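I have placed the structure first, in the form of structure tokens, so that the comments after it can refer back to it.
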Amino acid sequence: MIERPDSSSASIARNLEGYVGFANLPNQVYRKSVKRGFEFTLMVVGESGLGKSTLINSLFLTELYSKDYPGPSQRIKKTVQVEQSKVLIKEGGVQLTLTIVDTPGFGDAVDNSNCWQPVINYIDSKCEDFLNAESRVNRRMMPDNRVHCCLYFIAPSGHGLKPLDIEFMKRLHDKVNVIPLIAKADTLTPEECQQFKKQIMKEIQEHKIKIYEFPDSEDDEDSKVIRKIKEKMPLAVVGSNVVIEVNGKKVRGRQYPWGVAEVENGEHCDFTVLRNMLIRTHMQDLKDVTNNVHYENYRSRKLAAVTCNGVDATKTKGQLTKSPLAQMEEERREHVTKMKKMETEMEQVFEMKVKEKKQKLKDSEAELERRHEQMKKNLEAQYKELEEKRKQYEEEKMSWEAQQRILEQQKLDASKTMEKNKKKGKIF
Amino acid sequence: MSVAVGSKPSPSEDLRNLALSGHVGFDSLPDQLVNKSTTQGFCFNILCVGETGIGKSTLMDTLFNTKFEGDPASHNEPGVRLKARSYELQESNVRLKLTTVDTVGFGDQINKEDSYKPIVEYIDAQFEAYLQEELKIKRSLFNYHDSRIHACLYFIAPTGHSLKSLDLVTMKKLDSKVNIIPIIAKADTIAKNELHKFKSKIMSELVSNGVQIYQFPTDEETVAEINATMSVHLPFAVVGSTEEVKIGNKMAKARQYPWGVVQVENENHCDFVKLREMLIRVNMEDLREQTHSRHYELYRRCKLEEMGFKDTDPDCKPFSLQETYEAKRNEFLGELQKKEEEMRQMFVMRVKEKETELKEAEKELHEKFDRLKKTHQDEKKKLEDKKKEIEDEVGAFSKKKAAVQLLQAQQAGSQSTKKDKDKKNSSFT
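The structure is reproduced here in structure tokens:
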């Protein structure tokens, strides 16, 4: 027997009178996470030549794409492929298994209809793998290969989003965290950039595209920073593989006759903002949103499809709060009641029919009885009649015979007298 | 445009180790993770198993430096029941939702065979609740209040000899379901020399009976050393007290005896500090992790296998979750259909039976009436015969009558002529 008070009311806040030690918990968590290592999957999507590979190299300060491992634009493809590169990078004792997923061929064809399909398929297949691994009976440490973030590169036209951009983002915004970026931002002046950003955000809102939203922080300082970032969306970035010396400092940048566009200069482009946000502050949140929102959506859609076969859509809402097994249990119970009802109904019909038939039999029995009675009566009447007749006849016979006898007697007497008379000589 | 899909490996699928040419900044990842957990808050659930009066509540109070409410339990409980209480504690910026579960009435009954059952049931129930949440279609695991037991403190009575059989039985039942940390309660009744012998006896008994108690992890460099040194002192002999006694010029938690003062936080007096260190400061997270990755997984595996789930089909190809569910569902629907069919069949049979019955009755009735009809026919015939008889008689009689009448008429006629003759004759004389 268990006594469990209602958790919301019985959670009593306590003030501790002395050091207990669980303030050390965060450190324990820290240690364990470092030991486990981290994983992150980043997807880059955009037409070729927008500087995707360069940006990746700049972001992670490493030669992910190099001569030996060329970036997506270097590999000319006729069809859209989805390819992944896995690298292991270490920093400050922290190990990160980084997977970069690129999509060579995206938007490069003349007819780009459905070029987002391979991307969607890839994302879904990773979710499927995770779902299957999570649902096994024997589970082990599951590697998290789901796509945590998708950087979408917008060409710096200066006007607005292209139809392909809108279509792609609309199709992917509820499957993965989409972060739109303005590529090659060094072709836009600050005013043009501002204008462009405004236009893009307007179009994003018009089309109800849900790009990745930074969670609000309880900390006031953080909130300020976050608000600043939000105002700069979408981020306009510049990437570079080349290190140039500017004013005695070595910086990554692009050398032009008219100057150097520095990658990490906040006034030149939003690269630092992107890097800080993507790697230094919100990497974990991107993973959490992928796990808690996008993956859960995928999972519930998948499982709902399995369990609601043949059930009309109006019923599914209530069933989603249960596991498929619990739902089957409930369906079983429902079925039992249904069967009981059916049984009683059938019983009723059966009884009724039996009663009917019995009644019919009874009726015909009664009918036959009646007829028999009638016939019997008839016969009896006839018998009686016959008896009457016989009686009559007997009486008649008797009376006639009596009459005859009298006549005979008379005759006899008459003949006797005649004889006497004859004898007496009256007659000679 | 043809569309090709596939995650084809880039030139080398092996994991490349790359060097960084500057500070990228992902070394903040653990901090990001920790910040997230801290904002969410932590939760920890302790189960205390031990006889009534052995000091469970006092120890909890001492460990967490606070007075948890509750009246001392009586010895008259009819069975073992579990009482859970939740508290929200905060230390610096860390919030902890602590749940203490007490076994009320443990060891008080005369027949203690079933004492372990409510405990096992409680632990299983928490696992089941988590499993159900995990299996839901629309679930919210990230803000699920985890009620699974993370640590079980097993209070051993300070007899000084060995473990009681109830202890062995109970711990054996619990060791695959929860992290067991055995402790010697009320250790201030055992002398130092006896304590050492007692501890060895207990440990050897646990080993020889195959009881798996919680092992402090030694795989991480930072904690390996401290865990190893502490493990030597298992099981921890503890003393609990919420009363403070003045020691020197400080107030410390202690128990005052005529012969001296037992200081709770003095490592020479008892192992309380070691327990606090191990349980809370060093291994709390590991206890939570073990509960989730070992005990819960074991429970889940058993439960799923019980329900008929398998990972691979007879051909050793892995099942996808969808296939498994679909197969189960089809099986289930098939079962339901079969049941319906069975019921229908049963009815059909009954109907047939009843029909034959009624047909029999009908037949009988017809036969009866056929017989009656026949009898009636016979009677009618008899009647006819009799009628004929009478008619014949009447006919014969009328004929006779007619004949006699005729004769009589003739005779009368002849007699009248005779009379006339006679008269004539007589008139001649």
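Top line first, the protein sequences correspond to chains A and B. For the first sequence, the positions run 1 to 428 when the UniProt record's numbering is used. For the second sequence, the positions run 1 to 429 when the UniProt record's numbering is used. All residues carry an ideal CB built from backbone N, CA and C; glycine is no exception. Only a predicted model underlies this, so the values are computations on that prediction, with no experimental measurement involved.
Under 8 Å from the C-beta of residue i: neighbouring residues of chain A
i, result
"D27/B", "E91, G92, G93, V94"
"L15/B", "K86, V87, L88, T97"
"S176/B", "Those do not exist, as S176/B stays about 16 Å from chain A at its closest Cβ, beyond 8 Å."
"S92/B", "A23"
8 Å Cβ cutoff met for residue i and residue j
i, j, result
"L15/B", "L61/A", "no"
"H335/A", "L336/B", "yes"
"D79/B", "G105/B", "The residue asked about is misnamed: residue 79/B is Gly in this sequence, not Asp. Yes, the Cβ-Cβ distance between G79/B and G105/B is below 8 Å."
"I179/A", "V24/B", "no"
"K250/A", "V242/A", "no"
"N132/A", "R301/B", "no"
"K397/A", "F397/B", "yes"
"K83/B", "D102/B", "yes"
"R255/B", "D188/B", "yes"
"K35/A", "E267/B", "no"
"K170/A", "H207/A", "yes"
"A304/A", "V237/A", "no"
"L64/A", "A183/A", "no"
"V80/A", "G46/A", "no"
"V282/B", "Y30/A", "no"
"I181/B", "L163/B", "no"
"C173/B", "V120/B", "Contrary to the premise, residue 173/B reads as Lys rather than Cys in this sequence. A contact, by the Cβ cut-off of 8 Å."
"K126/A", "V147/A", "yes"
Chain B contact residues for residue i, given Cβ-Cβ distances below 7 Å
i, result
"W400/A", "K401"
"Y383/A", "L383"
"Q404/A", "V404"
Partners in chain A for residue i, counting only beta-carbon separations shorter than 7 Å
i, result
"P30/B", "Y30, S33, V34, V94"
"I156/B", "Neighbours of I156/B on chain A: none; closest Cβ ~24 Å, over 7 Å."
"N266/B", "The contacting residues do not exist; N266/B stays about 15 Å from chain A at best."
"H233/B", "What H233/B touches in chain A: nothing, since even the nearest Cβ is about 18 Å away."
Cβ-Cβ separation, residue j to residue i (assumed contact under 8 Å), whole Å
i, j, result
"S58/A", "G239/A", "4 Å"
"H282/A", "F214/A", "7 Å"
"N121/A", "C150/A", "Actually they do not touch by this definition, with Cβ atoms about 14 Å apart."
"K382/B", "L386/A", "Not quite, the Cβ-Cβ distance comes to about 11 Å (not below 8 Å), so this is no contact."
"I183/B", "F142/B", "Actually they do not touch by this definition, with Cβ atoms about 34 Å apart."
"L188/A", "P234/A", "The Cβ separation is near 12 Å, so there is no contact."
"H145/B", "L287/B", "That pair is no contact at about 17 Å."
"K217/B", "V211/B", "Reading the sequence as shown, one finds Pro at residue 217/B and not Lys. Contact doesn't hold; Cβ gap of about 19 Å is too wide."
"T58/B", "S115/B", "Not a contact, Cβ separation roughly 22 Å."
"E362/B", "L368/A", "About 12 Å separates the two Cβ atoms, so there is no contact after all."
"residue 444/A", "N297/A", "This structure gives no information on residue 444/A, because the portion of chain A shown stretches from 1 to 428."
Per-residue contacts from residue i into chain B (C-beta, under 9 Å)
i, result
"Y393/A", "I390, E393, V394, F397"
"R275/A", "V24, G25"
"V225/A", "Result: empty, since nearest Cβ-Cβ is about 14 Å, beyond 9 Å."
"E63/A", "L18, A19, S21"
"E365/A", "L365, K368, F369"
"M352/A", "The contacting residues do not exist; M352/A stays about 12 Å from chain B at best."
Residue i CB to nearest heavy atom of the ligand GTP below 7 Å
i, result
"G37/A", "Although the ligand GTP was asked about, the structure shown includes no ligands whatsoever."
Residues that residue i contacts on chain C, provided the C-beta gap is smaller than 7 Å
i, result
"T58/B", "In the displayed structure, chain C is absent; the protein chains listed are A and B."
Chain-ordered chain B contacts of residue i [CB-CB under 8 Å]
i, result
"P26/A", "V34, S37, T38, V94"
"Q374/A", "Neighbours of Q374/A on chain B: none; closest Cβ ~11 Å, over 8 Å."
"T281/A", "S28, Q32"
Within chain A, the residues that residue i reaches when beta carbons sit closer than 9 Å
i, result
"E220/B", "R31, K32, K35"
"M284/B", "G21, F22, N24, L25, Q28"
Evaluate the contact criterion for the segment 191-210 of chain B versus the segment 258-266 of chain B: three or more CB pairs, one atom per stretch, below 8 Å. In short, these stretches do not touch, since the Cβ pair count stays below three.
Just checking, does the segment 107-121 of chain A make contact with the segment 41-48 of chain B on the three C-beta pairs under 8 Å criterion? no
Kindly provide the ranges of any beta strand (DSSP E) runs that are 3 or more residues long and lie completely inside the segment 16-53 of chain A, ordered along the chain. Segments of the beta strand (DSSP E) lying fully in the segment 16-53 of chain A: 38-45.
Whether or not the segment 282-300 of chain A and the segment 259-271 of chain A are in contact is what I'm after, with contact meaning three or more pairs of Cβ atoms, one per stretch, closer than 8 Å; do they touch? With the cut-off at 8 Å, the segment 259-271 of chain A and the segment 282-300 of chain A do not touch.
Does the segment 42-49 of chain A touch the segment 95-109 of chain A, meaning 3 or more C-beta pairs lie closer than 8 Å? Yes: at least three Cβ pairs fall under 8 Å.
Quick test of the definition: if touching needs 3 or more C-beta pairs under 8 Å, does the segment 268-287 of chain B touch the segment 224-231 of chain B? yes
Go through the segment 187-242 of chain B residue by residue and report every complete run of the alpha helix (DSSP H) that reaches 4 residues or more, in order. As for any alpha helix (DSSP H) of minimum length 4 sitting wholly inside the segment 187-242 of chain B, the runs are 192-208, 221-231, ordered along the chain.
Three CB pairs or more closer than 8 Å across the segment 90-100 of chain B and the segment 116-134 of chain B: no
Three or more C-beta pairs below 8 Å linking the segment 215-230 of chain A and the segment 157-164 of chain A: no
Ordered list of beta strand (DSSP E) runs contained in the segment 142-226 of chain A, each at least 3 residues: 149-154, 178-182
Please list the segments of the alpha helix (DSSP H) lying wholly inside the segment 261-314 of chain B, counting only runs of 4 or more residues, in order along the chain. 272-276, 284-290, 297-306
Mind the definition here: the segment 158-165 of chain B touches the segment 185-199 of chain B only if three or more C-beta pairs lie below 8 Å; say whether that holds. yes
If we require 3 or more residues per run, which beta strand (DSSP E) segments fall completely within the segment 142-190 of chain B? Taken in chain order, the unbroken stretches of beta strand (DSSP E) that lie wholly in the segment 142-190 of chain B and span 3 residues or more are 151-156, 180-184.
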